[in-house]
Structures are given as structure tokens and as C-alpha cells.
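Engineer: Residue 9 is where the sequence shown starts when you use the numbering used here, and the numbers rise one by one after that. C-beta: ideal position from N, C-alpha, C; glycine also.
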Amino acid sequence: MMTKFEKELCDLLRARFPYINITTYEEERLINELKRIVTTEELIHTVRNIFIWKLSEGFRNQDGLIQENTFEKLAALNFIRDYTEPAIFILLDFHVFCEKSNGGVDYNIVRVLKDLMPNLKQSMQPKNMIFVSPTFAIPDDLKKDVTVMDFGLPTQEEISEVLDGMIAANCGNNLVVDLTDKQKESLVKAAVGLTLQEAENAFARAMVDNNRLDASDVDLVLKEKSQVIKKNDLLEYIDSEVNINDVGGLENLKKWLIKRDKSWLDSAKRYGLPSPKGVLLTGVPGCGKSLIAKSISSMWHLPLLRFDVSKVFNMYVGNTESNMREAIKMAEAISPCILWIDEIEKGFSGLGNSGDSGTSSRVFGTFLSWMQEKTKPVFVVATANNISTLPSEMMRKGRFDEIFFIDLPTFNERKQIFKVHLTSRLKQQDVIGDFVINDESLNHLANLTEGFGGAELEQIVIMGLFDAFAEDRSITMADFENAVNNTVPLSVTMSEQIMSIRKWANVRAVAATAQDDRLEYKQSEDNNQKPDMPDNGGSNMPDSTDINESRGGRTLDF
Ligand code: ADP
Numbered sequence: 009m010m011t012k013f014e015k016e017l018c019d020l021l022r023a024r025f026p027y028i029n030i031t032t033y034e035e036e037r038l039i040n041e042l043k044r045i046v047t048t049e050e051l052i053h054t055v056r057n058i059f060i061w062k063l064s065e066g067f068r069n070q071d072g073l074i075q076e077n078t079f080e081k082l083a084a085l086n087f088i089r090d091y092t093e094p095a096i097f098i099l100l101d102f103h104v105f106c107e108k109s110n111g112g113v114d115y116n117i118v119r120v121l122k123d124l125m126p127n128l129k130q131s132m133q134p135k136n137m138i139f140v141s142p143t144f145a146i147p148d149d150l151k152k153d154v155t156v157m158d159f160g161l162p163t164q165e166e167i168s169e170v171l172d173g174m175i176a177a178n179c180g181n182n183l184v185v186d187l188t189d190k191q192k193e194s195l196v197k198a199a200v201g202l203t204l205q206e207a208e209n210a211f212a213r214a215m216v217d218n219n220r221l222d223a224s225d226v227d228l229v230l231k232e233k234s235q236v237i238k239k240n241d242l243l244e245y246i247d248s249e250v251n252i253n254d255v256g257g258l259e260n261l262k263k264w265l266i267k268r269d270k271s272w273l274d275s276a277k278r279y280g281l282p283s284p285k286g287v288l289l290t291g292v293p294g295c296g297k298s299l300i301a302k303s304i305s306s307m308w309h310l311p312l313l314r315f316d317v318s319k320v321f322n323m324y325v326g327n328t329e330s331n332m333r334e335a336i337k338m339a340e341a342i343s344p345c346i347l348w349i350d351e352i353e354k355g356f357s358g359l360g361n362s363g364d365s366g367t368s369s370r371v372f373g374t375f376l377s378w379m380q381e382k383t384k385p386v387f388v389v390a391t392a393n394n395i396s397t398l399p400s401e402m403m404r405k406g407r408f409d410e411i412f413f414i415d416l417p418t419f420n421e422r423k424q425i426f427k428v429h430l431t432s433r434l435k436q437q438d439v440i441g442d443f444v445i446n447d448e449s450l451n452h453l454a455n456l457t458e459g460f461g462g463a464e465l466e467q468i469v470i471m472g473l474f475d476a477f478a479e480d481r482s483i484t485m486a487d488f489e490n491a492v493n494n495t496v497p498l499s500v501t502m503s504e505q506i507m508s509i510r511k512w513a514n515v516r517a518v519a520a521t522a523q524d525d526r527l528e529y530k531q532s533e534d535n536n537q538k539p540d541m542p543d544n545g546g547s548n549m550p551d552s553t554d555i556n557e558s559r560g561g562r563t564l565d566f
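1) Would a C-beta distance cut-off of 8 Å place Glu-351 and Thr-391 closer than the cut-off?
2) Looking only at DSSP bridge pairs, what is Met-157 linked to?
3) Tell me the DSSP bridge mates of Leu-434?
4) Can you grab the Cα-Cα spacing for the pair Ala-177 / Ile-138, in whole Å?
5) Pick out whichever of Phe-356, Ile-74, Phe-477, Phe-413 has its Cα sitting closest to the Cα of Asn-260.
6) Please enumerate, following chain order, all residues with a beta carbon closer than 6 Å to at least one heavy atom belonging to the ligand ADP.
7) Report yes or no: do the segment 482-499 and the segment 453-465 share at least 3 C-beta pairs separated by less than 8 Å?
8) Can you give the Cα-Cα distance for Leu-121 and Phe-79, rounded to whole angstroms?
9) Kindly indicate which three-state DSSP category Leu-450 falls into: helix, strand or coil?
10) In chain order, which continuous runs of the alpha helix (DSSP H) of length 4 or greater are located wholly inside the segment 61-104?
11) With distances taken between CB atoms, is the gap from Pro-94 to Pro-134 smaller than 8 Å?
12) What did DSSP end up calling Glu-410 once you bin it into helix, strand or coil?
13) Quick check: the Cα distance between Asn-493 and Glu-466, rounded to an integer number of angstroms?
14) Measure the CB-CB distance between Glu-329 and Thr-374 and report whether it falls below 8 Å.
15) Taking Val-320 as the reference, give the member of Ser-271, Glu-448, Ile-346, Lys-354 with the closest Cα.
16) Give the straight-line distance between the Cα atoms of Arg-333 and Leu-434, rounded to the nearest whole angstrom.
17) Taking the runs of the beta strand (DSSP E) that are 3 residues or longer, which of them lie wholly in the segment 213-266?
18) Report the rounded CA-to-CA distance for Ser-298 versus Leu-42, giving the unit in angstroms.
19) Measuring alpha carbon to alpha carbon, tell me which of Ala-214, Leu-183, Gly-257, Trp-348 ends up nearest Ala-198.
20) Give me the Cα-Cα distance between Lys-427 and Leu-450, rounded to the nearest whole angstrom.
21) For Asn-490 and Gly-472, what's the separation of their Cα atoms in angstroms?
22) Mind checking which residues open and close the alpha helix (DSSP H) that includes Arg-22?
23) From Asp-543 to Pro-311, what does the alpha carbon distance come to, in whole angstroms?
24) Do Phe-372 and Trp-348 have their beta-carbon atoms positioned less than 8 Å apart in this structure?
25) Could you tell me the alpha carbon to alpha carbon distance between Asp-90 and His-53, rounded to whole angstroms?
26) Return the residue from the list Pro-26, Leu-51, Ile-58 that minimises the CA-CA distance to Glu-40.
27) Look up Leu-312 in the DSSP assignment and give the residues it is bridged to.
28) Please state the DSSP three-state secondary structure of Thr-383.
29) Give the single residue among Ser-109, Ser-271, Asp-247, Ile-425 whose Cα lies nearest to the Cα of Asn-455.
30) Scan the segment 124-185 and note each continuous beta strand (DSSP E) run of 3 residues or more that stays entirely inside, going in chain order.
31) Going by C-alpha distance, which of Pro-282, Ser-224, Gly-112, Met-338 is nearest Gly-201?
32) Can you pull the DSSP bridge partners for Phe-211?
33) When you compare only the Cα positions, how much space is there between Ser-343 and Pro-385?
34) Looking at the secondary structure, which residues open and close the alpha helix (DSSP H) in which Thr-290 lies?
Dropping the structure here:
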């Protein structure tokens, strides 16, 4: 069976597309692939001659022979025009000639390229030009005439071949290889997502490390891979220790996620299940959206990559469209993985009015069609504080599996959040003193903090502990009560925004909070355990009946 790359390339070549652009750092691997494909009759039908042009030497043919008088760029284009056999012409870094040294487009060369087009399309024998460069840079004037193709990173099989080659070459050379077949496969899998050169470097490091190649080297290779992602300006590798138990409340969302654990595996395919696409988490700031994103990574044992979409648009190098493609390519290469898009609204809001001649819309379109069609197991977790600025296409069915709304924590959730932060901090007996973390103390704290978000509850714990620390004594409930009295929660200053987010979420999103937690909250109110509100600003708080009745998000039972 043909690979996707082989099929796409052969289709374009056979359909006589004159100009093809391929962006890659792996020039050598690409050229070897192109050579193999265009000389294999079963793939291409009409076998082609190959010419490779570079500034340092002009054209060489497939036997390495330099072609006279093709060094100069216009002479090279004339050579292509006059050639009459079936051929592909690979031009390395040619895009630089489309620009003038002082910036701007060199219209001389653009004109010649345009004039060459009919010759390529109508010549007796098929001829195509392939531009290859590490960065994508086609002048706007030529964009409609150039077809852009992606060249994926090496496959597991290609990386495996490199490893086999290295083992064979070094085995007699003091290198001890202690790997079962499964362990070797893990080692190769750890290098998936690297270029061949990077994979070779990672294996070489693992080999020289202690002159042994064994199961422990998987970690070394993974570390090398995280370095590569660190060098990528768009994606950041997050080493997260956050566990699902570190998240208080949000049981509905947790249940949904737990059910989808392992859905990446082949066994899920036996049930005819598709890989999950992703979730959009929206809601009140500071209530655990980022925390959940991080915890999915440890729950599912998958690497977490943070993708800063706003950088796609204002990167100092490269081109916006290729930046987006590059990020997607990288995430797919590392899959299965979690791709966390923090504050997605910042990257994609205000499309269409940026005066950038449609670039933002095109980039957004690239992202959406990828979300819709992706087959690689990249689980997208997008978080948004302000969904009203997001384009509506984002919400359409088929993009995300579900949109969850994370509201201010309910009574019961506040208890759980306090429990998480108190138990993680109160470890030393002299600090704990007589303070006990139990239902009674948690009820009391939850009652005091209606309208507080998760981040604010964490701050209450920290502020209380600071007071005790400053006076060098054990913690008491009064420390936390003081902290509450000195805090104006965000829900006071943002009450209107919160109400409007909820209204939006009621129709479009699913509540992250479980039904039971909502009821319990109401019960506490009905029991007249009305909290003593902080003195300052308490009156502006959205009142509790509003909070109960207008809580955002539909409740589904997963
Ligand atoms: P956002 O919703 O703005 O992404 P974060 O997830 O960054 O909020 O929350 C900030 C901090 O607040 C977290 O690192 C965590 O310490 C605390 N926090 C927020 N929500 C919760 C929660 N549900 N359970 C435990 N801690 C929470």
C-alpha cells in the first residue's frame, strides 16, 4: 500500500502541478524519498530523471554529475525550460531569490517563474519543480501557483532501522546490548517525533552513557525528546506532577475523563470506538481548568504539550501558516499525547478584523479542519475564560467531544478543595497543633466561602498558614477566618460576567460539577447554614439563590 506522502506526491506530479513546496529540516531524507518514489515505476508510472539545484553548485543529475552553466538562477530556470525528458527539478532554498536583499519581492524572478508555468504544464513529457527549504516563504504573488505539501517525521520503522544499524555497527565495539524485543520497541517508540538525525543523536548518547543499551535508556531518549520540544517555540513540554486527586470537585468531568482512559489503545478499536478528539473547558477563572488539563496527562500517562496559539501569529521567524502546520505536525509526531491550548480565545478571537488579508482565518481554518479530521491520537484540551469572543465554528459538533463548564465551586466542592490544599500542606505536627481536618472543620470553611473560586480557596489556606508561621505557632481556625474576612473574591468584582458566562453555558455546555454536589450545596443553604460573608463587599456577591438557580451547564449522567 502507498503511504499518504507517496500517494499525494504522485498525484500532484502526475496531475502536472508545476510548483510544489515542501518544508522540512530533513533535506537528505526528503531527497532520498523523492528519488525512490520518482524512480519506482509502480508508484509514478512515468519514471523521471532527477535534478537537484543548490546555490553552491547549480544542478546535478541523479548520478551526481554537475550540469554546466546552471549555477546562475536564471540559467537554472532556462535549463528547466529547455529540458525535454520526464523529470523533477528539486530546488533547495530557492525562495531566497524571490526576495530582494533589502526586503520586498524580486519581481524579475517571480515573472520568470510565472512564464515558466505553461511550459511545465504543457511540455510533451511531465516536468515539475519542487522547492525545498527549512522555512516556508513563498511570495504572495506566487502563492496560488504553488502547492504546499507536508513531509512527516520519520516512521517507527525508519527509526528502528537506524537503531538496528547503530547496534550492528557498534556491537563489537565495547557496546553491550541488553534489550528484549519489547524493550527495543519501547526505545524506538520513545524516539518517535524526532528527526532521523535527532534520533541517531539520542541513541548515540544512550550508548556512550555507560557503554550499555538497556531498558533504562528509554528515559534518556524521552529526555532528549523533551529537549527537542523545548527548542520548538510554539509547543512547550510540561512536566506535570498534578494528579486527578489534586483536583477538588468537578466529579462529572472527572467521570467523563476516567471513562475515556486507555481509549487510545488498540483494544478500544475492537469496540469500534474512535480516539477521543478533545474537550473545551470554559468557565470562571481560577476554578481548575488548567489544573484539570495537567491532571489528564498523569491520569492517562501521556505527555502534555502546551500550545500557545497567540505565538503562531506573532512569531518573529517563519510564516503564520507554516507555524500552525509545524505545531500540528509536531503534536502528531509525539502522539499519543495531550495538546493543551491555554486561553484559546486569545489566539482565535477577533478573526476577520485584523486586516491581515485573511491569514488568521486561513490559519483558524487549518486548525478546525485538523480537529475535525484528525486520526492521530492527539487529545486537545482547550481552555477558555471568555467564550463569547470565540468564533462559533469552534463550538460546532465534531470539533470537540464535549464542552464543559467549570463554575464557582459548590458547597461540597469547596469542602473537597479545602481538603486537597489542607492535607497537602499540613504535614508537621507542630504546625497542625489542635487543628483537625474533618467534616466539621471543612463544613465550617466551606460555609464561610460562598462565591470563592478554587484559586482563592488555596490562597485562604496559604494566608492562614503565613499568619501562624509569622508568629511561630500552630495553625488555628481563626487564621483561616481572618484570611476569608480579608479577601474580596473575584465573583464580587466579576458578578455580571459570571452571570453572562452561565447563561451562555446553560445552553451550550455540560456542567463539570456532578448533580449530587449541586444538590448538597442547595441543602446546606436550605438548612440555613448561611455563611457569614466577608465584611468588605459581601453585599455585591451574586446572591445564593441566583447562584443555585442559574448555575451554568446542563447536567448529564456519564
Ligand atoms: P484556571 O481555571 O484559571 O485555569 P487554575 O486551574 O490555574 O485555574 O487554578 C489555579 C490554582 O487554583 C490551581 O493551581 C490550584 O492550586 C487552585 N485550584 C483551582 N481550582 C481547584 C480545584 N478544583 N481543586 C483544587 N485546587 C484548585
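Structural biologist: On the basis of the data shown:
1) Against the sequence shown, residue 351 aligns to sequence position 343. Against the sequence shown, residue 391 aligns to sequence position 383. Yes. Within cutoff.
2) In the sequence shown, the residue the question calls residue 157 occupies position 149. BP columns for Met-157 point to Ile-30.
3) Along the sequence shown, read from residue 1 onward, the residue named residue 434 stands at position 426. Leu-434 is not bridged to any residue.
4) Against the sequence shown, residue 177 aligns to sequence position 169. Against the sequence shown, residue 138 aligns to sequence position 130. Just so you know, the alpha carbons of Ala-177 and Ile-138 end up roughly 35 Å apart.
5) As a position in the sequence shown, residue 260 is number 252, starting the count at 1. Of the candidates Phe-356, Ile-74, Phe-477, Phe-413, Phe-413 places its Cα closest to the Cα of Asn-260.
6) Qualifying residues, in the order they occur: Val-255, Gly-256, Gly-257, Leu-258, Pro-293, Gly-294, Cys-295, Gly-296, Lys-297, Ser-298, Leu-299, Thr-391, Ile-425, Val-428, Gly-462, Ala-463, Glu-466.
7) Of all C-beta pairs linking the segment 482-499 to the segment 453-465, three or more are shorter than 8 Å, placing the two stretches in contact.
8) Mapped onto the sequence shown, residue 121 falls at position 113. Mapped onto the sequence shown, residue 79 falls at position 71. When rounded, the distance between both Cα atoms is 17 Å.
9) By one-based count along the sequence shown, residue 450 stands at place 442. Residue state, collapsed to three classes: helix.
10) 81-90, all fully within the segment 61-104.
11) If you number the sequence shown from 1, residue 94 lands on position 86. If you number the sequence shown from 1, residue 134 lands on position 126. Less than 8 Å divides the Cβ of Pro-94 from the Cβ of Pro-134.
12) Residue mapping note: residue 410 aligns to position 402 of the sequence shown, counting from 1. When DSSP states are grouped into helix, strand and coil, Glu-410 belongs to the strand group.
13) Reading the sequence shown from its first residue, position 485 is the one you call residue 493. Reading the sequence shown from its first residue, position 458 is the one you call residue 466. Taking the straight line joining both Cα atoms gives about 15 Å.
14) One-based indexing of the sequence shown puts residue 329 at position 321. One-based indexing of the sequence shown puts residue 374 at position 366. Yes, the Cβ-Cβ distance between Glu-329 and Thr-374 is below 8 Å.
15) Position 312 of the sequence shown holds residue 320. Of the candidates Ser-271, Glu-448, Ile-346, Lys-354, the one whose C-alpha sits nearest the C-alpha of Val-320 is Lys-354.
16) In the sequence shown, the residue the question calls residue 333 occupies position 325. In the sequence shown, the residue the question calls residue 434 occupies position 426. One C-alpha to the other measures close to 47 Å.
17) As summarised for the segment 213-266, the continuous beta strand (DSSP E) elements at least 3 residues long and confined to that stretch are 220-222, 243-246, given in chain order.
18) The residue you call residue 298 lines up with position 290 of the sequence shown. The residue you call residue 42 lines up with position 34 of the sequence shown. Each residue's alpha carbon lies about 43 Å from the other.
19) Your numbering for residue 198 matches position 190 in the sequence shown. The shortest C-alpha separation from Ala-198 is found at Ala-214.
20) For the purposes of this step, residue 427 is taken as residue 419 along the sequence shown, with counting starting at 1. For the purposes of this step, residue 450 is taken as residue 442 along the sequence shown, with counting starting at 1. Take the alpha-carbon of Lys-427 and the one of Leu-450: they are about 7 Å apart.
21) Indexing the sequence shown from 1 puts residue 490 at position 482. Indexing the sequence shown from 1 puts residue 472 at position 464. Rounded to the nearest angstrom, the gap between the Cα atoms of Asn-490 and Gly-472 is 7 Å.
22) By one-based count along the sequence shown, residue 22 stands at place 14. For Arg-22, the enclosing alpha helix (DSSP H) covers residues 12-22.
23) The count along the sequence shown starts at 1 and reaches residue 543 at position 535. The count along the sequence shown starts at 1 and reaches residue 311 at position 303. At Asp-543, the pLDDT of 36 sits below 50, so the modelled position is not reliable; the number obtained from the coordinates is stated separately. When rounded, the separation of the alpha-carbon atoms in Asp-543 and Pro-311 is 45 Å.
24) Your numbering for residue 348 matches position 340 in the sequence shown. Your numbering for residue 372 matches position 364 in the sequence shown. Not in contact: Trp-348 and Phe-372 (Cβ atoms no closer than 8 Å).
25) Against the sequence shown, residue 90 aligns to sequence position 82. Against the sequence shown, residue 53 aligns to sequence position 45. Roughly 23 Å between the two C-alpha positions.
26) Taking the first residue of the sequence shown as position 1, residue 40 is located at position 32. Here residue 40 is Asn; the residue named in the question, Glu, does not match the sequence. Distance from the Cα of Asn-40 is smallest, within the candidate group Pro-26, Leu-51, Ile-58, for Ile-58.
27) Walking along the sequence shown from the start, residue 312 turns up at place 304. In the DSSP output, where bridge partners are listed per residue, Leu-312 has Ile-246, Ile-346.
28) The sequence position of residue 383 within the sequence shown is 375, counting from 1. In the structure shown, Thr-383 falls within a coil segment according to DSSP collapsed to helix, strand and coil.
29) The residue labelled residue 455 in the question sits at position 447 within the sequence shown. It is Ile-425.
30) Listed in chain order, the complete beta strand (DSSP E) runs (minimum 3 residues) inside the segment 124-185 are 135-141, 154-158.
31) Counting from one through the sequence shown, the residue named residue 201 turns up at place 193. Cα-wise, what sits closest to Gly-201 is Met-338.
32) Taking the first residue of the sequence shown as 1, we reach residue 211 at position 203. In DSSP, Phe-211 forms no bridge with anything.
33) As a position in the sequence shown, residue 343 is number 335, starting the count at 1. As a position in the sequence shown, residue 385 is number 377, starting the count at 1. If I take the Cα positions, the gap works out to 6 Å.
34) Here residue 290 is taken as the residue at index 282 of the sequence shown, counted from 1. Counting along the chain, Thr-290 falls outside any alpha helix (DSSP H), though it belongs to the beta strand (DSSP E) covering 286-291.
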